[in-house]
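Student: A single structure is presented below for examination.
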Amino acid sequence: MNAKLDLDHLERLLETMTPAEIRAQFGKALRTDPRLEEVLCRFEGMDGSLRALKSAERPPEFRAPQYSSVRAWLPWTLPLAAALLLVIFAGSRLLPLPEKAASVRVAPDREPEPQDRVDSITLTEELDRMELARSDDEKRPASAFADSEPPAPPSDQAEIEKKTVPKERARPRETLGDLAGGATGDDIDSLESTEPEESALVEAALRPPPKSKERRSQNQPRQNILPQDPEVDRATAGNETDAIKQEGFRAASPAAPLKDKASDRDAAASSTREPSPLVEKELVVEEDRQERADSPRKSSPVSVAEEAAGQPARGVRLAGAKAQPDVRRVERAPLHPKTWLDAFREAWDAGDTAMVRMLFATDVSISWPLFGPSTLDRATLDRRWRKLMEAPRPPIHFELVSSGAAGAVVRWQVLSQSSVAGNTNPGGLVRLGFDGQGRCNLAAVPR
Amino acid sequence: MSNPSLHVESLLKAHTDGDPRAFPRLLDGVKNDLWGYLVNQVQMRQDAEDLYQEISLKAYKNLKRLRDPTKFRSWLFSIAVNSVRSFFRRKPMLSLETLGGEEAGSAREITQDKRDMVRDLELEEELYRLRHCIQDLPEREREILLLEVMAELPQKEIADRLGLNLNTVKTIIRRSKIKLARMMVEAGYEC
Numbered sequence: 011m012n013a014k015l016d017l018d019h020l021e022r023l024l025e026t027m028t029p030a031e032i033r034a035q036f037g038k039a040l041r042t043d044p045r046l047e048e049v050l051c052r053f054e055g056m057d058g059s060l061r062a063l064k065s066a067e068r069p070p071e072f073r074a075p076q077y078s079s080v081r082a083w084l085p086w087t088l089p090l091a092a093a094l095l096l097v098i099f100a101g102s103r104l105l106p107l108p109e110k111a112a113s114v115r116v117a118p119d120r121e122p123e124p125q126d127r128v129d130s131i132t133l134t135e136e137l138d139r140m141e142l143a144r145s146d147d148e149k150r151p152a153s154a155f156a157d158s159e160p161p162a163p164p165s166d167q168a169e170i171e172k173k174t175v176p177k178e179r180a181r182p183r184e185t186l187g188d189l190a191g192g193a194t195g196d197d198i199d200s201l202e203s204t205e206p207e208e209s210a211l212v213e214a215a216l217r218p219p220p221k222s223k224e225r226r227s228q229n230q231p232r233q234n235i236l237p238q239d240p241e242v243d244r245a246t247a248g249n250e251t252d253a254i255k256q257e258g259f260r261a262a263s264p265a266a267p268l269k270d271k272a273s274d275r276d277a278a279a280s281s282t283r284e285p286s287p288l289v290e291k292e293l294v295v296e297e298d299r300q301e302r303a304d305s306p307r308k309s310s311p312v313s314v315a316e317e318a319a320g321q322p323a324r325g326v327r328l329a330g331a332k333a334q335p336d337v338r339r340v341e342r343a344p345l346h347p348k349t350w351l352d353a354f355r356e357a358w359d360a361g362d363t364a365m366v367r368m369l370f371a372t373d374v375s376i377s378w379p380l381f382g383p384s385t386l387d388r389a390t391l392d393r394r395w396r397k398l399m400e401a402p403r404p405p406i407h408f409e410l411v412s413s414g415a416a417g418a419v420v421r422w423q424v425l426s427q428s429s430v431a432g433n434t435n436p437g438g439l440v441r442l443g444f445d446g447q448g449r450c451n452l453a454a455v456p457r
Numbered sequence: 072m073s074n075p076s077l078h079v080e081s082l083l084k085a086h087t088d089g090d091p092r093a094f095p096r097l098l099d100g101v102k103n104d105l106w107g108y109l110v111n112q113v114q115m116r117q118d119a120e121d122l123y124q125e126i127s128l129k130a131y132k133n134l135k136r137l138r139d140p141t142k143f144r145s146w147l148f149s150i151a152v153n154s155v156r157s158f159f160r161r162k163p164m165l166s167l168e169t170l171g172g173e174e175a176g177s178a179r180e181i182t183q184d185k186r187d188m189v190r191d192l193e194l195e196e197e198l199y200r201l202r203h204c205i206q207d208l209p210e211r212e213r214e215i216l217l218l219e220v221m222a223e224l225p226q227k228e229i230a231d232r233l234g235l236n237l238n239t240v241k242t243i244i245r246r247s248k249i250k251l252a253r254m255m256v257e258a259g260y261e262c
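Chains as they are written, first to last, in the working numbering: chain A, 11 to 457; chain B, 72 to 262.
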């Protein structure tokens, strides 16, 4: 058989036939192109060439790790460090709670002394009892406090605190409500329902929190109990009507970013109030969350496109410096034809093969006189490019004639009288097509 | 002639017992193949050296887990395959540019005799071209071809390791050699 034969056909034949069989069947056709016979020869000697490649290499020396007695406890280092970090992290969140819990108080106006704290708790308990008693007999003297039951002994202090905790936990709603200028808790009403007949001491202790800056500046102890609130609210599906609380509690969960932002936010905090670190952190986290929600819109269209395409972060080097072979710079692939042209020109000027490989898709078809008369695929382009880079290269001028969804038409001109790929002063129009990643998959002379 | 697997087994045991000389001797039998695999996978010699050390160290640390001494070679090259894949995930192949002496595996002894020198240079040029053509192959084809050529793993074992059909591996290897032959010829005609 002497049918016409080319390299592609020969490749397919070699998959199923030996070189001898091909010569027997296509002897005459093989002589039409000397490359065909050479491919057969190369294929026959490929195993030997590969073996030669193997034996040519000398490996480096293996350097065994140098272990010492430290090795015995090294495997424990990482788990210990992780445990230590966990403890520190947990402690930083938990440690303030006992203090804040200890500073829980009923009276909003001042930070109580320890004895005052006991007294204020006792007063609350007493008031409750007095309320109940009044409602029963309506005969409560003004100095009811003096005639009331003696203060609870210290041994009952824990019980008292337990009883008052729900009230105290409710207070932050009032606090946040005040910050928002909004709703107040039910306990405020209960506290404000004190009758005028109460002693001045009781009245002072039970004075409703002022809705002013003064109150905000004194809110620190109250706000100290805020960390409890997220857990409480989440556990009890608490009040969701307060917008700030809602945001703050939801934002409280990601704790890691808090520490970085808190110090920055501290400097910018309002002087009119002394927000607790945790409230601040909640607001900061909320801002951070908002920033993250916005960040995809701010990212470069290239990265979005690449991520949307599910591609890893690969791209072309846009630096104008001469290529450094030992530097693997991975930047974003250009999408716009103009930036592609800039990158191609830079690659031409710098002789950067890496850039060329990234600018062109693997399935590119190139019929561009800049690279010669024949149509090239990517592998051939790469080889042709390397050959071109060995010779002095004149600069190339690009002019974007038009661009659209189908690609771009570019006018190109070599700015020199020297020849490129056998053409003297070459130039003309070229139509470039691009794939979704901004790589050129077509370069052809427009009809 | 001593049984190689017994030799490997005794070295494994020595390594487990803490003999620091055991592992280098174990590595002697495969290091050339491993190095050849790596230099034909990656473009830069420094990367090949880093991978070589990384793979050797992994094998050194995990050798106690190897139950079957006869599988040492394929076990080591499994580590190599995974390490190279991780490497390419971190550093996608970019440039085929080389500088004298920096390209992986470019160092070669040149004899004093002029004829040998010319022959060596021609052979070096041939090998240089072949290495570049290998690196132009798709990653999977290159990996399978080098496992057969450099690692000298049986095709059945390659198929088992990579989860492929044996016929698929055979086809890929043959097709890779055909492609290399054509690429070598085309590169030669452009010179």
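Note that beta-carbon positions come from the ideal geometry of N, C-alpha and C, so glycine has one too.
Who are the near neighbours of A85(B) in its chain, counting only those whose CB is closer than 7 Å to its CB and skipping five residues on each side?
Tutor: Once the five neighbours on either side are set aside, the close Cβ partners of A85(B) are A93.
Student: If you draw a straight line from the C-alpha of Q298(B) to the C-alpha of N103(B), how long is it?
Tutor: There is simply no residue 298(B) to check, as chain B begins at 72 and stops at 262 in what is shown.
Student: Taking only three categories from DSSP, how would you classify E80(B)?
Tutor: It is helical.
Student: For K102(B), which residues in chain A fall below 8 Å Cβ to Cβ?
Tutor: Here the neighbours are P69 and F72.
Student: Return the chain-ordered ranges of every beta strand (DSSP E) run that is complete within the region 366-449 of chain A and spans a minimum of 3 residues.
Tutor: Runs of the beta strand (DSSP E) inside the region 366-449 of chain A: 370-377, 406-414, 417-424 and 437-444.
Student: My assumption, with CB atoms under 8 Å, is that L105(B) sits in contact with L82(B). Please give the rounded CB distance.
Tutor: With 8 Å as the limit, L105(B) and L82(B) do not qualify as a contact, their Cβ atoms being about 16 Å apart.
Student: Have a look at R246(B) and D57(A) and give me their C-alpha separation to the nearest angstrom.
Tutor: Between R246(B) and D57(A), the C-alpha separation is close to 13 Å.
Student: In terms of residues, what are the limits of the alpha helix (DSSP H) holding F148(B)?
Tutor: F148(B) -> alpha helix (DSSP H) spans F143 to R161.
Student: Under 9 Å, Cβ to Cβ, is there at least one residue of chain D near V49(A)?
Tutor: The structure shown contains no chain D; its protein chains are A and B.
Student: Can you give the Cα-Cα distance for L84(A) and K132(B), rounded to whole angstroms?
Tutor: Approximately 14 Å, taken between the alpha carbons.
Student: Just the C-alpha distance for S350(B) and E212(B), rounded to the nearest angstrom, thanks.
Tutor: Residue coverage of chain B in this structure runs from 72 to 262, which leaves residue 350(B) outside it and unanswerable.
Student: Pick helix, strand or coil for M56(A), following the three-state DSSP scheme.
Tutor: Three-state result, M56(A): helix.
Student: What three-state label does DSSP hand M115(B) in the structure shown?
Tutor: Note: M115(B) maps to strand in three-state DSSP.
Student: According to DSSP, which residues form a beta bridge with A453(A)?
Tutor: I376(A) and L442(A), per the DSSP bridge assignment.
Student: From the beta carbon of D57(A), is the nearest beta carbon of chain B less than 9 Å away?
Tutor: Yes, its Cβ sits closer than 9 Å to a Cβ of chain B.
Student: Short check: CB of W395(A) to CB of F381(A), under 9 Å?
Tutor: It is a contact, given that the beta carbons lie within the stated cut-off.
Student: Assuming L216(B) is part of the alpha helix (DSSP H), what are its boundary residues?
Tutor: Unbroken alpha helix (DSSP H) run through L216(B): E210 to V220.
Student: Classify E31(A): buried if its beta carbon has 16 or more other beta carbons within 10 angstroms, exposed otherwise.
Tutor: By the 10 Å Cβ count, E31(A) comes out exposed.
Student: Is the number of C-beta pairs between the region 111-120 of chain B and the region 199-210 of chain B that are closer than 8 Å three or more?
Tutor: Short answer: they touch.
Student: Between the alpha carbons of A178(B) and P91(B), how many angstroms are there, rounded?
Tutor: Because A178(B) carries a pLDDT of 42, less than 50, the predicted location of this residue cannot be relied on, and the following value inherits that uncertainty. The alpha-carbon atoms of A178(B) and P91(B) are separated by roughly 30 Å.
Student: What residue range does the alpha helix (DSSP H) around F354(A) cover?
Tutor: Start and end: P347 to A360.
Student: Roughly how many angstroms lie between the CA atoms of H78(B) and S384(A), to the nearest whole one?
Tutor: In a straight line, the C-alpha of H78(B) is about 58 Å away from that of S384(A).
Student: Report the CB separation of A389(A) from D445(A) in whole angstroms; it is logged as a contact under 8 Å.
Tutor: A389(A) to D445(A), Cβ: 17 Å. No contact.
Student: Could you give the first and the last residue of the continuous alpha helix (DSSP H) run that contains D139(B)?
Tutor: Element bounds for D139(B): n/a, residue is neither H nor E.
Student: Could you tell me which of R136(B), S149(B), R144(B) and D121(B) sits nearest to E71(A), measuring between CA atoms?
Tutor: When each option's Cα is compared against that of E71(A), the closest is D121(B).
Student: Taking the alpha-carbon positions, what's the K250(B) to I98(A) distance?
Tutor: Between K250(B) and I98(A), the C-alpha separation is close to 60 Å.
Student: To the nearest angstrom, how far is the alpha carbon of K227(B) from that of E196(B)?
Tutor: One C-alpha to the other measures close to 33 Å.
Student: Let me know the secondary structure DSSP gives R232(B) once reduced to three states.
Tutor: Reduced to three states, the DSSP call for R232(B) is helix.
Student: Against chain A, which members of the region 84-113 of chain B pass a CB distance test of less than 9 Å?
Tutor: Those residues of the region 84-113 of chain B that come within reach of chain A (Cβ to Cβ, closer than 9 Å) are P91, F94, P95, L98, K102, N103, D104, L105, W106, G107, Y108, L109, V110 and N111.
Student: So the alpha helix (DSSP H) D99(B) belongs to, where does it begin and stop?
Tutor: First-last of the alpha helix (DSSP H) with D99(B): A93 to D99.
Student: On the CB-based measure, 16 or more other CB atoms within 10 Å of its CB, does T251(A) come out buried or exposed?
Tutor: With a pLDDT of 46 at T251(A), under the threshold of 50, the predicted position of this residue should be treated as unreliable, though the coordinate-derived value follows. Looking at its Cβ environment, which holds fewer than 16 other Cβ atoms inside 10 Å, T251(A) is exposed.
Student: Comparing the C-beta of V79(B) with each C-beta of chain A, is any distance below 9 Å?
Tutor: By this cut-off, V79(B) is not an interface position.
Student: Roughly how many angstroms separate the alpha carbons of L237(B) and R156(B), rounded to a whole number?
Tutor: Taking the straight line joining both Cα atoms gives about 21 Å.
Student: Compare the C-beta of S127(B) against all C-beta atoms of chain A and say whether one is closer than 9 Å.
Tutor: Interface residue, yes.
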